[in-house]
Each structure stands twice: as C-alpha cells, then as structure tokens.
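Peer 1: Residue numbers (our numbering), protein chains in the order written: chain A, 22 to 297; chain B, 129 to 417.
Ideal Cβ placement from N, Cα and C applies to all residues, glycine included.
Everything numeric in this text was worked out from a predicted model, so none of it was measured.
1. Mind listing which residues of the segment 191-218 of chain A have their C-beta closer than 7 Å to chain B's C-betas, in chain order?
2. Quick check: is any heavy atom of the ligand GTP less than 7 Å from the C-beta of residue 241 of chain B?
3. Just the Cα atoms here: how many angstroms apart are residue 131 of chain A and residue 314 of chain B?
4. Tell me whether residue 355 of chain B is buried or exposed, calling it buried when 16 or more other Cβ atoms sit within 10 Å of its Cβ.
5. What are the start and end residues of the alpha helix (DSSP H) that includes residue 40 of chain A?
6. Measuring alpha carbon to alpha carbon, tell me which residue in A:169, A:225, A:104, A:150 is nearest residue 137 of chain A.
7. Going by DSSP, which residues form a beta bridge with residue 164 of chain B?
8. Do we get a CB-CB distance below 8 Å when we pair residue 96 of chain A with the residues of chain B?
9. Would you call residue 168 of chain B buried or exposed, if buried means 16 or more other Cβ atoms sit within 10 Å of its Cβ?
10. Over the uninterrupted alpha helix (DSSP H) stretch that includes residue 267 of chain A, give me the two end residues.
11. Taking 6 Å as the limit between beta carbons, can you name the residues of its chain near residue 334 of chain B, skipping five residues before and five after?
12. Which chain B residues sit within Cβ distance under 7 Å of residue 43 of chain A?
13. In chain B, which residues lie with their C-beta within 8 Å of the C-beta of residue 81 of chain A?
14. Relative to the C-alpha of residue 244 of chain B, which residue among A:272, A:68, A:290, A:211 is closest?
15. With three or more C-beta pairs closer than 8 Å as the rule, is the segment 136-153 of chain A touching the segment 149-157 of chain B?
16. Within 10 angstroms of its Cβ, does residue 223 of chain A collect 16 or more other Cβ (buried), or is it exposed?
17. Quick test of your reading: residue 285 of chain A and residue 218 of chain A, contact by CB under 8 Å. State the CB separation rounded to the nearest angstrom.
18. Can you list the residues of chain B that residue 172 of chain A reaches, using a CB-CB cut of under 9 Å?
19. Give me the chain B residues within the contact set of residue 144 of chain A, using Cβ-Cβ distance strictly less than 7 Å, ordered along the chain.
20. Let me know if residue 295 of chain B comes out buried or exposed under the rule of 16 or more other beta-carbons within 10 Å of its beta-carbon.
21. With a cut-off of 8 Å, does the C-beta of residue 273 of chain B fall near any C-beta of chain A?
22. Quick one: list the residues of chain A neighbouring residue 233 of chain B, beta-carbon separation under 9 Å, in chain order.
23. Hey, residue 278 of chain B and residue 270 of chain B: beta-carbon distance below 8 Å or not?
24. Taking only beta carbons into account, state which residues of the segment 252-276 of chain A come closer than 9 Å to chain B, listed in chain order.
25. If you measure beta-carbon to beta-carbon, which residues of the segment 61-85 of chain A are closer than 8 Å to chain B?
26. Assuming the contact rule is C-beta atoms closer than 8 Å, residue 181 of chain B and residue 171 of chain B should be a hit. Round their C-beta distance to whole Å, please.
27. In terms of residue numbering, what span does the alpha helix (DSSP H) encompassing residue 117 of chain A cover?
28. Near residue 295 of chain A, which residues of its chain fall below 6 Å by C-beta distance, leaving aside the five closest residues on each side in sequence?
29. Within the chosen definition, does the segment 232-239 of chain A reach the segment 201-214 of chain B through at least 3 CB pairs nearer than 8 Å?
30. Could you work out which residues of chain B lie near residue 239 of chain A, taking near to mean beta carbons separated by less than 9 Å?
31. Is residue 199 of chain B buried or exposed, if buried means 16 or more other CB atoms sit within 10 Å of its CB?
32. Given that a residue counts as buried once 16 or more other Cβ atoms are within 10 Å of its Cβ, and exposed if not, what is residue 61 of chain A?
33. Report yes or no: do three or more beta-carbon pairs, one from the segment 232-239 of chain B and one from the segment 267-282 of chain A, lie closer than 8 Å?
34. State whether the segment 176-192 of chain B contacts the segment 385-395 of chain B, with contact taken as three or more CB pairs (one from each stretch) at a distance under 8 Å.
35. Identify the contact partners of residue 54 of chain A in chain B, using a Cβ-Cβ distance below 9 Å as the criterion.
36. Tell me the rounded alpha-carbon separation between residue 274 of chain B and residue 225 of chain A.
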C-alpha cells in the first residue's frame with residue numbers, strides 16, 4: 022500500500038514537472054506550423070494550428086538563408102571540436118604523466134581561464150582578429166573556440182587520465198616506447214570514453230555559441246545559425262511562424278545529438294562539473 | 129635533458145594558442161581599462177578615470193544590481209529546485225530516464241532559441257502565461273513581463289532558470305551517487321522519517337556537490353549575457369541590463385573601448401573570488417585522487 026502510494030506520488034510529480042518544462046517547446050512547435058493568416062487572426066501562442074503547414078520551414082531555410090548558416094555552423098563546430106580535442110589531449114597528457122616544475126601552475130591557468138567572464142576577452146580578441154585579418158573569417162572563429170575550450174578540455178582529459186593506473190605508463194616507458202608512441206598507442210585508446218563525452222559537450226556549446234560569432238563575424242555569407250536566427254527575427258518581425266520554424270531548425274541538430282548521446286553529455290557535465 | 133623537455137613539447141602548441149586568445153587578452157583588457165579609446169585612433173592613458181566614472185554611472189550601478197538579482201535568483205531557485213528534481217528523479221521507477229531526458233532538453237538549446245521561445249511564452253496578450261492567469265481568474269497578475277521595467281529582470285531570470293535548473297539537477301544527481309546507501313539504510317532502521325533522512329544524512333553528504341553547484345551558479349549569474357541581449361538588449365531603458373550586456377553596448381555600439389574594458393574588469397574582479405573557491409575545491413578533490 023505504502024509502496025503504491027510512493028510510486029503514484031513519483032509519477033504524478035514527475036509528470037507535472039515534465040509537462041511544465043515542455044510548455045515552451047509546445048508553444049514554439051505550434052507556432053512553427055501555423056499559417057500566416059492564423060497568426061494574424063488569432064495572435065495567440067498556445068492553441069494548436071487549425072491547418073498545419075510546412076511552408077514556414079521552407080521559407081526560413083531558403084529565403085531566411087538558414088541553409089547557408091547551417092553549413093557555416095557545421096564547419097565551425099566540426100573543425101573546432103576536432104582541433105580542441107586533439108590539442109587538449111596533448112596538454113592533458115603532459116600534465117597527467119610528467120612531473121615538472123610548472124605543472125600545477127599550468128594546470129591552474131587552464132582551469133581558471135575556462136571560468137572567466139567572456140567580456141574580459143572581447144576587446145583584445147576582436148582587435149587581434151582585425152589586425153591579423155582573421156576578422157569575418159570562419160577560421161578566426163574556429164581558432165578562438167579551439168583556444169578557449171582548451172582550458173576545460175585539458176582539465177577534463179587530465180582528470181580522466183589521472184585515473185589510469187600509472188603502471189601502464191611506466192611499463193611502456195621501460196620497454197623503451199617514445200613519449201608520442203605512449204600517447205598515441207597506449208593512453209589515447211584508453212581515453213576514448215572521455216573523448217566521446219567531451220566531444221558531445223563541446224559540440225553542443227560551440228554549435229550554440231552566439232557571442233563570438235556576433236563579435237568576430239560580419240558578412241551575411243559567414244553567419245552562423247544563432248546569428249542567422251536573430252537576423253531572421255529582424256527580417257520577419259511579426260511573422261512569428263517563420264521565426265519559430267527557424268528556431269526549431271536551429272535547435273534540431275543539437276537536440277538530436279543530445280538525445281542520441283545523452284549518456285555522454287551527462288557524464289561529461291558531471292566529470293567536468295562545469296560548463297563553458 | 130631530453131626527458132625534461134618532453135612535457136613542454138606536448139604543451140607548446142596548446143599553450144601558445146591559449147596565451148594568444150585567453151591569457152594575453154586578460155592582461156590587455158586591464159591595460160585598455162585605463163585608457164580612453166574609440167578603437168580607431170590612438171588610445172590615451174587616463175588613469176582611474178573610467179572607474180571613477182563607472183561608479184557615478186547610474187546605468188552601470190543598475191546593471192550591477194541586476195547581476196545581484198540574477199545571483200540571488202539562481203541560488204535561491206535553481207539550487208532547491210535542482211535538488212528537489214534530483215531527489216525525485218533519483219527514485220528508479222520505470223520511466224525515470226524518460227522524465228530526466230525531457231527535463232534536460234533545454235540544456236541542448238542555444239540561448240538565442242531559448243530567448244525567442246520565452247518571449248512568446250511571456251508575450252502579454254497571447255502568451256501562454258498571461259492566458260493561463262486570465263483563464264484561472266487571476267487577471268491582475270497578468271503582466272507585460274518584458275516591458276515593465278520593474279519586473280523585466282525577474283522575467284529574464286525565470287527564462288534562464290528553464291536551462292539552469294536541469295543543470296543544477298545533473299550536478300546533484302552526480303552528488304547523490306556518492307551518498308552512502310548504508311548510512312541511509314541505517315537511518316531507516318533507527319526510525320528516521322523521510323525528512324530527517326534528507327536533512328541529517330543525505331544533505332551533509334551532498335556538501336561537496338552543493339559547494340560546486342552553488343559556485344557554478346553564481347559564476348553563471350555573473351556572466352549572464354546572451355539571454356538578456358537576445359530578449360531585451362537590456363531594455364526598456366537599461367532596466368534589465370547586466371554588466372556583460374552593458375559592457376558590450378559601451379564597447380561595441382558606443383565605441384568606448386576603455387570604458388567597456390573597465391566594466392569587464394569590475395565584472396572579472398567580482399567573479400574572481402568565486403573562481404578561486406571553485407579552483408580550490410577542484411584542487412582539494414585532486415589531492416584525494
């Protein structure tokens with residue numbers, strides 16, 4: 022009897038929370054499928070569409086150029102994630118397996134750098150991009166993401182490497198394996214789960230980035246999805262259905278990645294206990 | 129000699145990038161904060177002038193106070209709610225994974241999308257919040273959430289909590305894994321009720337998770353930017369402005385780089401204390417490894 026009561030309470034409360042949490046999604050979903058007529062007639066954000074239309078997605082994708090922005094974001098995200106994971110695995114390796122003078126200092130620099138307010142970097146990074154010609158190029162944004170995410174990734178991978186028994190490392194060393202060989206042939210294969218978790222987290226963060234694209238990009242051809250969405254808001258001010266379709270399009274990729282690889286995402290968040 | 133060099137060889141590439149894009153800019157911003165600079169002509173050294181002006185700038189003070197509202201809002205709402213959700217969904221009834229996935233979902237979204245969706249949720253005439261309030265007869269509670277200067281900041285915090293609460297929940301769920309089941313069982317044997325078990329057994333063991341979650345929430349509240357910028361740009365009349373947003377506007381809309389840098393420095397110094405708390409906690413955990 023007590024058991025059923027407890028189970029009932031669990032399901033009632035959980036359902037209540039989830040329903041409450043899903044309301045904003047439902048609002049966006051309904052709006053994205055409404056016709057323009059319905060938007061202008063009813064002007065509400067809660068009723069389901071009377072006639073469902075896919076037209077809005079087409080308009081957002083083609084006329085709103087979301088398709089173009091998608092390609093840019095895909096390039097930026099893929100290259101940034103790969104770059105930052107590779108470089109941080111190098112620094113994590115050094116910090117996890119070698120005793121040297123500056124070890125703690127360097128680790129602390131990486132850890133505290135990942136927490137500083139972005140505003141502290143905006144002006145110099147912007148200036149640097151302008152001076153070096155990296156301004157308004159995707160590579161400029163990519164290099165920034167790689168560099169900035171190094172702090173979190175190094176910290177994360179180093180912690181994971183510290184859980185690998187050092188006997189493995191020592192044995193390889195005694196066998197005469199070179200440092201890079203130990204890194205690539207012994208340590209990296211063992212770190213794969215951490216790399217998986219990390220890549221999902223980084224993917225989501227970089228895909229969803231807004232501020233750095235805002236600061237470092239200018240021309241329409243270079244815009245990323247998040248910036249493109251704000252452009253859409255400016256162009257189709259009262260066509261809420263088009264904007265909603267754009268917002269759903271922008272959300273699709275990270276939401277699918279998140280749902281499919283959720284286990285890694287959560288592992289990543291808890292292992293790292295911090296987000297960028 | 130060769131052995132000594134090895135770690136530095138591995139670190140050379142990553143550190144070089146990190147210095148160019150993170151470490152050097154931090155120092156550079158300090159220097160810029162002591163100048164008057166439009167970003168084009170030569171910067172002019174002005175000493176403490178920017179900082180003195182800041183504390184006489186009522187919009188900056190307003191932004192600073194709004195950041196404290198964010199901080200308090202995050203701590204008193206996202207911590208208890210996150211903990212409550214975590215305690216609830218840690219009960220492993222069939223389906224608990226589905227519930228968790230759905231609550232986590234906002235964490236996958238960009239703040240631009242979150243801001244857009246919430247501006248519809250809070251829309252005064254056809255938004256779901258006001259419609260619901262009118263429907264249950266609480267019409268006088270239906271407010272222009274994003275255009276009333278007195279409440280706009282709270283509305284933004286509310287929207288941000290949609291993503292922040294699940295995040296706190298994840299951290300607490302991780303913390304709950306390390307709570308010793310045997311202690312809880314022992315308390316049951318001793319006749320402790322659910323509340324006593326929570327208060328005297330679980331909560332003390334959650335202390336490390338609690339410190340990290342509170343610190344992270346405070347750091348997040350102090351660097352809130354995207355959601356404010358996307359939903360209100362800090363308006364109406366700077367009433368929902370926060371430091372990050374005010375800095376951006378001063379530096380990149382008004383071309384007052386020195387003044388913007390000074391705002392960033394203040395924001396950084398306030399955050400620094402909490403960053404130190406976090407780093408020290410992490411290092412303590414390291415020693416135990």
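Peer 2: On the basis of the coordinates in this document:
1. 200
2. Judged by which ligands are present, the structure shown has none, so any question about the ligand GTP falls away.
3. Within the first chain, numbered from 1, the residue matching residue 131 of chain A stands at position 110. Within the second chain, numbered from 1, the residue matching residue 314 of chain B stands at position 186. Taking the straight line from one Cα to the other gives about 42 Å.
4. Looking up residue 355 of chain B in the second chain gives position 227. Label assigned to residue 355 of chain B: buried.
5. Start at 1 with the first residue of the first chain, and residue 40 of chain A comes out as number 19. Where residue 40 of chain A is concerned, the enclosing alpha helix (DSSP H) stretches over 23-53.
6. Taking the first chain and counting its residues from 1, the one referred to as residue 137 of chain A is at position 116. Looking at the Cα atoms, A:169 is the closest of the given residues.
7. By 1-based counting over the second chain, the position of residue 164 of chain B is 36. Looking at the DSSP assignment, residue 164 of chain B forms a beta bridge with B:172.
8. Position 75 of the first chain, counted from the first residue, corresponds to residue 96 of chain A. Not one chain B Cβ lies under 8 Å of residue 96 of chain A.
9. On the second chain, residue 168 of chain B is found 40 positions in, with the first residue counted as 1. Exposed is the call here.
10. Working through the first chain from its first residue, we reach residue 267 of chain A at position 246. That run of the alpha helix (DSSP H) goes 261-281.
11. Looking up residue 334 of chain B in the second chain gives position 206. Within the same chain, residue 334 of chain B has close Cβ partners 303.
12. The residue you call residue 43 of chain A lines up with position 22 of the first chain. Within chain B, the residues near residue 43 of chain A are 230.
13. One-based indexing of the first chain puts residue 81 of chain A at position 60. Ordered by position in chain B, no residue passes the 8 Å Cβ test against residue 81 of chain A, which lies about 12 Å from the chain.
14. Here residue 244 of chain B corresponds to residue number 116 of the second chain, with the count starting at 1. The shortest Cα separation from residue 244 of chain B among A:272, A:68, A:290, A:211 belongs to A:272.
15. yes
16. As a working mapping, residue 223 of chain A is identified with position 202 in the first chain. By the neighbour-count rule (16 or more Cβ atoms within 10 Å), residue 223 of chain A is buried.
17. Position 264 of the first chain holds residue 285 of chain A. Position 197 of the first chain holds residue 218 of chain A. Yes, residue 285 of chain A and residue 218 of chain A are in contact; Cβ-Cβ is about 4 Å, under 8 Å.
18. Translated into positions along the first chain, residue 172 of chain A becomes position 151. Going along chain B in sequence order, the residues near residue 172 of chain A (Cβ under 9 Å) are 146, 150.
19. Taking the first residue of the first chain as 1, we reach residue 144 of chain A at position 123. Under the 7 Å cutoff, chain B gives 157, 160, 379, 385, 388, 389.
20. Taking the first residue of the second chain as position 1, residue 295 of chain B is located at position 167. Buried: at least 16 other Cβ atoms inside 10 Å.
21. The count along the second chain starts at 1 and reaches residue 273 of chain B at position 145. Cβ-Cβ to chain A under 8 Å: no for residue 273 of chain B.
22. As a position in the second chain, residue 233 of chain B is number 105, starting the count at 1. Going along chain A in sequence order, the residues near residue 233 of chain B (Cβ under 9 Å) are 42, 43, 46, 276, 279, 280.
23. In the second chain, residue 278 of chain B corresponds to position 150, counting from 1. In the second chain, residue 270 of chain B corresponds to position 142, counting from 1. No, the Cβ-Cβ distance between residue 278 of chain B and residue 270 of chain B is not below 8 Å.
24. 254, 261, 264, 265, 267, 268, 269, 271, 272, 275, 276
25. 63, 64, 65, 66, 67
26. Residue mapping note: residue 181 of chain B aligns to position 53 of the second chain, counting from 1. Residue mapping note: residue 171 of chain B aligns to position 43 of the second chain, counting from 1. Incorrect: roughly 16 Å between the Cβ atoms, too far for contact.
27. Residue mapping note: residue 117 of chain A aligns to position 96 of the first chain, counting from 1. First-last of the alpha helix (DSSP H) with residue 117 of chain A: 87-118.
28. As a working mapping, residue 295 of chain A is identified with position 274 in the first chain. Any reading at residue 295 of chain A must be qualified, since the residue scores a pLDDT of 46, below 50, and its modelled position is unreliable; the value itself is stated next. Cβ within range, chain order: n/a, list empty.
29. no
30. Along the first chain, one-based indexing puts residue 239 of chain A at 218. Under the 9 Å cutoff, chain B gives no residues; its nearest Cβ is about 12 Å from residue 239 of chain A.
31. Numbered from its first residue, the second chain carries residue 199 of chain B at position 71. Residue 199 of chain B comes out buried.
32. To locate residue 61 of chain A, count along the first chain from 1; it is residue 40. Classification of residue 61 of chain A: exposed, given that the 10 Å Cβ count is below 16.
33. yes
34. yes
35. Working through the first chain from its first residue, we reach residue 54 of chain A at position 33. Neighbours of residue 54 of chain A on chain B: none; closest Cβ ~14 Å, over 9 Å.
36. Your numbering for residue 274 of chain B matches position 146 in the second chain. Your numbering for residue 225 of chain A matches position 204 in the first chain. Distance between the alpha carbons of residue 274 of chain B and residue 225 of chain A is about 28 Å.
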